[in-house]
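Residue numbers (this note's numbering), protein chains in the order written: chain A, 1 to 329; chain B, 330 to 658.
Glycine included, every Cβ here is placed at the ideal spot set by N, Cα and C.
What follows is a set of notes on a single structure, which appears directly below.
Number of protein chains: 2
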Amino acid sequence: MLRVGYPLTLPAELLHDFPEEIALIAIPDDPDHVIEIDVWIPDFFPGRACRQWPHLRGVRLVLSMIAGVEWLPALVGPEVTICNAHGAHNVPTAEWVVTAILAVLKQFPFYLEVQHAQQWKRRFEAGARYATITGDARALYPPVMLEELTGKSVLLVGYGAIGKEIERMLTPFRVDLVRVARRARLDPKVHAVSELDSLLPNAEIVILILPISPQTHGLIGKQQLGLMRQGALLVNAARGPIVDTGALVAALQSGRMRAALDVTDPEPLPQGHPLWSCPNLLLTPHIAAASPQCAPNAVRVVAAELRRYLRGEPLRNVVQPGALTALRS
Amino acid sequence: MLRVGYPLTLPAELLHDFPEEIALIAIPDDPDHVIEIDVWIPDFFPGRACRQWPHLRGVRLVLSMIAGVEWLPALVGPEVTICNAHGAHNVPTAEWVVTAILAVLKQFPFYLEVQHAQQWKRRFEAGARYATITGDARALYPPVMLEELTGKSVLLVGYGAIGKEIERMLTPFRVDLVRVARRARLDPKVHAVSELDSLLPNAEIVILILPISPQTHGLIGKQQLGLMRQGALLVNAARGPIVDTGALVAALQSGRMRAALDVTDPEPLPQGHPLWSCPNLLLTPHIAAASPQCAPNAVRVVAAELRRYLRGEPLRNVVQPGALTALRS
Numbered sequence: 001m002l003r004v005g006y007p008l009t010l011p012a013e014l015l016h017d018f019p020e021e022i023a024l025i026a027i028p029d030d031p032d033h034v035i036e037i038d039v040w041i042p043d044f045f046p047g048r049a050c051r052q053w054p055h056l057r058g059v060r061l062v063l064s065m066i067a068g069v070e071w072l073p074a075l076v077g078p079e080v081t082i083c084n085a086h087g088a089h090n091v092p093t094a095e096w097v098v099t100a101i102l103a104v105l106k107q108f109p110f111y112l113e114v115q116h117a118q119q120w121k122r123r124f125e126a127g128a129r130y131a132t133i134t135g136d137a138r139a140l141y142p143p144v145m146l147e148e149l150t151g152k153s154v155l156l157v158g159y160g161a162i163g164k165e166i167e168r169m170l171t172p173f174r175v176d177l178v179r180v181a182r183r184a185r186l187d188p189k190v191h192a193v194s195e196l197d198s199l200l201p202n203a204e205i206v207i208l209i210l211p212i213s214p215q216t217h218g219l220i221g222k223q224q225l226g227l228m229r230q231g232a233l234l235v236n237a238a239r240g241p242i243v244d245t246g247a248l249v250a251a252l253q254s255g256r257m258r259a260a261l262d263v264t265d266p267e268p269l270p271q272g273h274p275l276w277s278c279p280n281l282l283l284t285p286h287i288a289a290a291s292p293q294c295a296p297n298a299v300r301v302v303a304a305e306l307r308r309y310l311r312g313e314p315l316r317n318v319v320q321p322g323a324l325t326a327l328r329s
Numbered sequence: 330m331l332r333v334g335y336p337l338t339l340p341a342e343l344l345h346d347f348p349e350e351i352a353l354i355a356i357p358d359d360p361d362h363v364i365e366i367d368v369w370i371p372d373f374f375p376g377r378a379c380r381q382w383p384h385l386r387g388v389r390l391v392l393s394m395i396a397g398v399e400w401l402p403a404l405v406g407p408e409v410t411i412c413n414a415h416g417a418h419n420v421p422t423a424e425w426v427v428t429a430i431l432a433v434l435k436q437f438p439f440y441l442e443v444q445h446a447q448q449w450k451r452r453f454e455a456g457a458r459y460a461t462i463t464g465d466a467r468a469l470y471p472p473v474m475l476e477e478l479t480g481k482s483v484l485l486v487g488y489g490a491i492g493k494e495i496e497r498m499l500t501p502f503r504v505d506l507v508r509v510a511r512r513a514r515l516d517p518k519v520h521a522v523s524e525l526d527s528l529l530p531n532a533e534i535v536i537l538i539l540p541i542s543p544q545t546h547g548l549i550g551k552q553q554l555g556l557m558r559q560g561a562l563l564v565n566a567a568r569g570p571i572v573d574t575g576a577l578v579a580a581l582q583s584g585r586m587r588a589a590l591d592v593t594d595p596e597p598l599p600q601g602h603p604l605w606s607c608p609n610l611l612l613t614p615h616i617a618a619a620s621p622q623c624a625p626n627a628v629r630v631v632a633a634e635l636r637r638y639l640r641g642e643p644l645r646n647v648v649q650p651g652a653l654t655a656l657r658s
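Spelled out as structure tokens, the structure:
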């Protein structure tokens, strides 16, 4: 019988969603003995998963409950087959992106200050903030108190499952969307990432939602930030190291641009790091996918992959083929 | 030639959008003499408009640049025809509603505190906040750090132009939407406001976007707030007095519910008012429509109404018929 190790912390009622013809073996955060399993479902938090791994033996297949598994190959080695939780967290991650964009455009961080200060009339400060960051020097009346998302130009960098979900959620806002992915394709039109530098100057909002890899590490550096227009908003819901943190801090401190980040480099971001207090920055501590639906959705995706494996069908979410898939093909 | 008074503060380039066959007369904030005009376009801010009015003579028609004109009949009297700026501010107002809902569900006010404190690990406090306000006592793993809008039950109270725009922007979130308006109708199904009390207990989010009137004043009182479920979110983007402020303060202080308000009663909300510091409240100082597109959109709607008037066509946005319309019909 196939032995499947899962995190002990997983709510018990979710175990019913796994196929019956397996032996489910709970893996504690810090196992005190060696555990023999065939398939490993690591903890949601990479830090905990890394503590579990040294105690495991016999693992041939890793079924991750998260999408970003760039840390797994180095942990388990090249022989182990790795699948990610493709599609499990599209909705909350895309929702976070839309929320972050809207919150910045509506100056919600400033209005929370106003609420705490209990000073209704400070709303008239929003116009100067808008003029300073965007460079729009027109004397507008009534005074500007927020911006609209509707009609803005958006550069979507990454067009996988989450990128498509973001596009879907942006539809009612009639944004002018330009897509970028590793390779150019048509229908819908997607530009190759090699065209990125020529596309950056046109975007009012740049969304990063692509996997981290040697090719995307540092993709947004000093040069790319310099190509963004005055007041443009950079949104990172992918992985921190896709952006050069030092260059981002400098660009934000110069007042040239805005950013909304759910991921940083390093992570966790230590207290006192200059990024925390940059102007025009909204920073959340890697929370986008952690909704009440997170575990149920992840288990659903992992259980489906497990059923395919048991039936001898091709796995769908392979990110590292490993020996298992190599033997099969 | 028809004399049309407009606020002097209106950006000059927008005057080109008005029809040519009229005399445009600028009205300052505090006129120092009597001004004879036929049509009055009041300032965006009711306070300023009220200071302009006593200096005006001959006004037969008022074309407002805002949607909520409940204060105008008492100012100009029953003989004057009043039109509002129907449709001019649908987009930013609906965007504010979606932003406010998402920001509350994502606990952005809490995460801004975390950002200021520079304490990444405080994200683990979000789960207790979620459990306390919603009453969801399940031991969830991974810990809850935010909620999803997708799939939530929404009660949309008010189904005019802005209500429909809100519905459109909520479409990608696959919410379970129930509509309420003054009168019941079909296709799509809209419930009568008389059914409100029976509908409130089912909603996770209640959105108020209906005009203020003697019928809607105090529509949401102690009884209605008591009918809302634990952790439900009340969103008011309409007018403050639709909600009983004292009852709302009590409900928020009891920890039973959440609210997001762009309007309050009284307005401006004075410093020290207990509403400012209620728990689980996001409060912005009546800003929803004040985007850079505000004046251009308002002028577009008002100019179209003015052209209809000049051509002798029926006016479209009449909210008080007055003598003008009475004579015509």
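Using a C-beta cutoff of 9 Å, does residue i count as contacting chain B?
| i | result |
| --- | --- |
| A/Q253 | no |
| A/M169 | yes |
| A/A126 | yes |
| A/I287 | yes |
| A/Q118 | yes |
| A/A74 | no |
| A/L24 | no |
Among the options, which has the Cα closest to the Cα of residue i?
| i | options | result |
| --- | --- | --- |
| B/M330 | B/D346, B/L469, B/R497, B/L353 | B/L353 |
| B/N413 | B/A627, B/G641, B/A652, B/L506 | B/A627 |
| B/W369 | B/V405, B/M498, B/V443, B/V648 | B/V405 |
| A/D136 | B/Y440, B/Q622, B/G641, B/V631 | B/Q622 |
| B/A429 | B/A417, B/A588, B/P643 | B/A588 |
| B/R511 | B/P501, B/E424, B/Y488, B/E494 | B/Y488 |
| B/L539 | B/T338, B/R637, B/N419, B/R458 | B/N419 |
| B/T447 | A/E267, A/R300, A/A303 | Note that residue 447 of chain B is Gln in the sequence shown, not Thr. Checked all of A/E267, A/R300, A/A303; the closest Cα to B/Q447 is A/E267. |
| B/A618 | B/V391, B/G416, B/G547, B/Q582 | B/G416 |
Is it buried or exposed for residue i, if we count other Cβ within 10 angstroms and need 16 for buried?
| i | result |
| --- | --- |
| A/R123 | buried |
| A/R185 | exposed |
| A/H191 | buried |
| B/L484 | buried |
| B/R645 | exposed |
| B/H677 | This structure cannot speak to residue 677 of chain B, because chain B is shown only from 330 to 658. |
| A/R179 | buried |
| A/S329 | The pLDDT assigned to A/S329 is 41, lower than 50, so where the model puts this residue is not dependable; a value taken from the coordinates is nonetheless given after this. Answer is exposed; the Cβ neighbour count stays below 16. |
| B/S620 | buried |
| B/K518 | exposed |
| B/S393 | buried |
| A/K152 | buried |
| A/T171 | exposed |
| B/G560 | buried |
| A/P142 | buried |
For residue i and chain A, any beta-carbon pair shorter than 9 Å?
| i | result |
| --- | --- |
| B/G397 | no |
| B/G601 | yes |
| B/S658 | The predicted model places B/S658 with a pLDDT of 40, which falls under 50 and marks its position as unreliable; any figure quoted below should be read in that light. B/S658 does not count as touching chain A. |
| B/D465 | yes |
| B/I356 | no |
| B/L574 | Rather than Leu, the amino acid found at residue 574 of chain B in this sequence is Thr. It does not; no Cβ of chain A falls within 9 Å. |
| B/F347 | no |
| B/G334 | no |
| B/W605 | yes |
| B/C379 | no |
| B/M586 | no |
Do residue j and residue i count as a contact pair if the criterion is CB distance below 9 Å?
| i | j | result |
| --- | --- | --- |
| B/Q381 | B/P402 | no |
| B/D372 | B/I351 | no |
| A/E195 | A/R229 | no |
| B/T389 | B/E365 | Inspection of the sequence shows that residue 389 of chain B is occupied by Arg rather than by Thr. Against a cut-off of 9 Å, the Cβ pair of B/E365 and B/R389 comes out as no contact. |
| B/T479 | B/V443 | no |
| B/D594 | B/P614 | no |
| B/R568 | B/E399 | yes |
| B/G601 | B/I536 | no |
| A/W120 | B/L598 | yes |
| B/Y440 | A/I66 | no |
| B/L604 | B/L577 | yes |
| B/T410 | B/L563 | no |
message = Which runs of the alpha helix (DSSP H) at least 4 residues long sit entirely within the region 239-284 of chain A? Give them in chain order.
response = Runs found: 245-253.
request  = Taking only runs that begin and end inside the region 53-107 of chain A, name each unbroken alpha helix (DSSP H) of 4 or more residues, in chain order.
outcome  = Segments of the alpha helix (DSSP H) lying fully in the region 53-107 of chain A: 72-76, 90-105.
request  = Could I get the ranges of all uninterrupted beta strand (DSSP E) runs contained in the region 501-562 of chain B, with 3 residues as the minimum, in chain order?
outcome  = For the beta strand (DSSP E) assignment, the uninterrupted runs of no fewer than 3 residues enclosed by the region 501-562 of chain B are, from N- to C-terminal side, 505-510, 519-521, 534-537.
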